[in-house]
Amino acid sequence: MKSARRIFFQLFLMLIALFLLVFMLQTISGKELKTIEAKAAYDVSSATRGDLLFNEFYQTFSTVDSTTFLQKLGKSTTKESAQWSMSQLGSPEFPVSAYIIEYVTVNHAGEKIPCSGVVLIPEKTDATPMPLLVYQHATIMTNGTAPSISIQKASGESNTMAGAFASDGYVVAISDYVGTGQPNCLKYPSEYLFADSEAANGVDILIATQHLLEQLKLSTNGQLFLSGYSEGGQAVSALAELIQNDYPQYPVTAAVFMEGPYNMNAAMNNFLETPGGVIMDGRPGGSLVCAKAIYAYQQIYNWGTMDAIFNKPYDTRVEKNFANPATPLIILASNYPKETDNMFTAAFLSSAKDGDVSQDIAANDTDNWVPQMPVTFLTSSEDGLIPASVTENAYEKMLAAGGNVKMSYTQYPLNHLQNYMQAIVQSKGIFDSYVNATN
55 MKSARRIFFQ LFLMLIALFL LVFMLQTISG KELKTIEAKA AYDVSSATRG DLLFNEFYQT
115 FSTVDSTTFL QKLGKSTTKE SAQWSMSQLG SPEFPVSAYI IEYVTVNHAG EKIPCSGVVL
175 IPEKTDATPM PLLVYQHATI MTNGTAPSIS IQKASGESNT MAGAFASDGY VVAISDYVGT
235 GQPNCLKYPS EYLFADSEAA NGVDILIATQ HLLEQLKLST NGQLFLSGYS EGGQAVSALA
295 ELIQNDYPQY PVTAAVFMEG PYNMNAAMNN FLETPGGVIM DGRPGGSLVC AKAIYAYQQI
355 YNWGTMDAIF NKPYDTRVEK NFANPATPLI ILASNYPKET DNMFTAAFLS SAKDGDVSQD
415 IAANDTDNWV PQMPVTFLTS SEDGLIPASV TENAYEKMLA AGGNVKMSYT QYPLNHLQNY
475 MQAIVQSKGI FDSYVNATN
């Protein structure tokens, strides 16, 4: 009898332990792996650009979280660059609340469509108005790294901006861009490196963020900053031009353009002509960027069939890979050659050099306007993906035309991936000088 009671008691304890384990796992999962449920499809035909279709509080990141995000980012650069960057940033001051939003923007054809993004808001103890930063993100090869998706994994550019900017008092808005991000937005093709879309997506998330802040009874201090890195460097230049020309109600305090392909033909030619190809972190970076960009442009500019552009097997592989935004990076990295020009037909390469294709690509240049707002270009002399000459030429062109531009180099001469952290930190130093001047 005693033996039976002992067995029953042991089983009872095991059940309690199992219950506690399940409860703990659910709690951890709920905190770290929270996801946003897909929403019903929107009819945006009668909506206005910048309308806020949906917003959902995701979670609040503590100051410890912000420090962790930046420490993780530090592993992507050199030790001295990471140490210098962390010393420049100092300690995070505020927790950060993240909101995932969907809003109305337009695609290349001017059709109104939904687009998603992230808004990061400092959790301040008073109602002091805050500066607003619209950040244009870098190239993403798979949807898992879109800002509104990667923030659910505590990694990526959203978390970098939370740690570097929002935790120090900036409201930060980051668009996923057309065709990436939340499920409703994946119904439309990506318009990668298409300047008009990038600009529209950026100005519309600015408007949507204003709507969100009004709902939350929060306000900005009137200072608007713009920045972007890599693809985002091109995108933020396009955004800045659009705001300057068409949205005078949003005066820009200052902008920083970082490592962008401001002259698209120069950037593409670098990928095509670099001996051995442009390699990033062991992957064929130049080929992946070219494949994704040319696939997007082919749909926008109607360049003909895929086999007129790409050699076999890339004529079918590119569409299969890039039509599906969830294609894993490991698949992409193993499916493309180091030598970028091997992917393309001779006829296409000829047209890309000095024909109709070249003209279409050049339509996405963002170095052919004259900034009236203060603009700083940031680059690295050791960037092999977007050579410093692309940035230097854009700066000199705008300066000669009378633009309000400056040129600067990052603290340490590093490659495109390693350079990201210090570029973000240096951009913050530039913006802080304007914020501090008003305090």
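Counting from 1 along the sequence shown, just add 54 to a position and that's the residue number in the numbering used here. Even glycine gets a Cβ: it sits at the ideal position worked out from N, Cα and C. Predicted model, so just to flag it, every value in this text is computed and none were measured.
State the start and end residues of the unbroken beta strand (DSSP E) segment that holds residue i.
i: Lys392; result: Looking at the DSSP string, Lys392 is not in any beta strand (DSSP E), and its letter there is neither H nor E.
i: Leu174; result: Lys166 to Pro176
i: Thr433; result: Val429 to Thr433
i: Thr114; result: Leu106 to Phe115
i: Ala227; result: Val225 to Ser229
i: Tyr463; result: Val459 to Tyr463
Please classify residue i as buried or exposed, where buried requires at least 16 other C-beta atoms within 10 Å of its C-beta.
i: Gln190; result: buried
i: Phe111; result: exposed
i: Asp180; result: exposed
i: Ala406; result: buried
i: Ala321; result: buried
i: Gln206; result: buried
i: Lys346; result: buried
Quick check on residue i: does DSSP put it in helix, strand or coil?
i: Arg371; result: helix
i: Pro237; result: helix
i: Asn323; result: helix
i: Gly276; result: strand
i: Ser244; result: coil
i: Val158; result: strand
i: Val310; result: strand
i: Tyr488; result: helix
Return the CA-CA distance between residue i and residue j, expressed in angstroms with no decimal places.
i: Ser141; j: Thr399; result: 49 Å
i: Leu280; j: Val459; result: 14 Å
i: Ser135; j: Trp357; result: 43 Å
i: Leu107; j: Asn255; result: 14 Å
i: Gln298; j: Asn161; result: 20 Å
i: Ser434; j: Asn275; result: 32 Å
i: Tyr496; j: Thr182; result: Here the chain covers residues 55 to 493 and nothing more, so residue 496 does not appear.
i: Ile82; j: Ala216; result: With a pLDDT of only 32 at Ile82, under 50, the local geometry of the prediction cannot be trusted, and the value read off the model is given with reservation. About 21 Å.
i: Val456; j: Asp369; result: Reading off the sequence, residue 456 comes out as Gly, not Val. Their Cα atoms are separated by approximately 44 Å.
i: Tyr390; j: Asn365; result: 12 Å
i: Gly330; j: Gln236; result: 37 Å
i: Ala500; j: Val158; result: Nothing about residue 500 can be reported from this structure: the residues present for the chain run from 55 to 493 only.
i: Asp408; j: Val290; result: 27 Å
i: Gly553; j: Ser204; result: No information on residue 553 is available, as it lies outside the stretch 55 to 493 that the chain covers here.
i: Leu403; j: Ala448; result: 24 Å
Near residue i, which residues of its chain fall below 7 Å by C-beta distance, leaving aside the five closest residues on each side in sequence?
i: Glu436; result: Pro467, Leu468 and Asn469
i: Phe115; result: Pro149, Val150, Ala152 and Ala216
i: Leu453; result: Val459
Go through its chain and collect everything with a Cβ distance to residue i's Cβ below 6 Å, but skip five positions before and after it.
i: Ser487; result: none
i: Ala387; result: Arg337
i: Met318; result: Ile415, Asn418 and Asp419
i: His265; result: Leu106
i: Ala249; result: Ala292, Asn418 and Thr420
Any heavy atom of the ligand ATP closer than 8 Å to the CB of residue i?
i: Tyr153; result: This structure lacks the ligand ATP, and indeed carries no ligand of any kind.
Taking residue i as part of the alpha helix (DSSP H), name the residues at either end of that continuous run.
i: Val332; result: Taken as a continuous stretch (DSSP letters only), Val332 belongs to no alpha helix (DSSP H), as it is neither H nor E.
i: Pro201; result: Pro201 to Ser204
i: Asp452; result: Residue 452 is actually Met in this sequence, not Asp. Taken as a continuous stretch (DSSP letters only), the alpha helix (DSSP H) holding Met452 covers Ala442 to Ala454.
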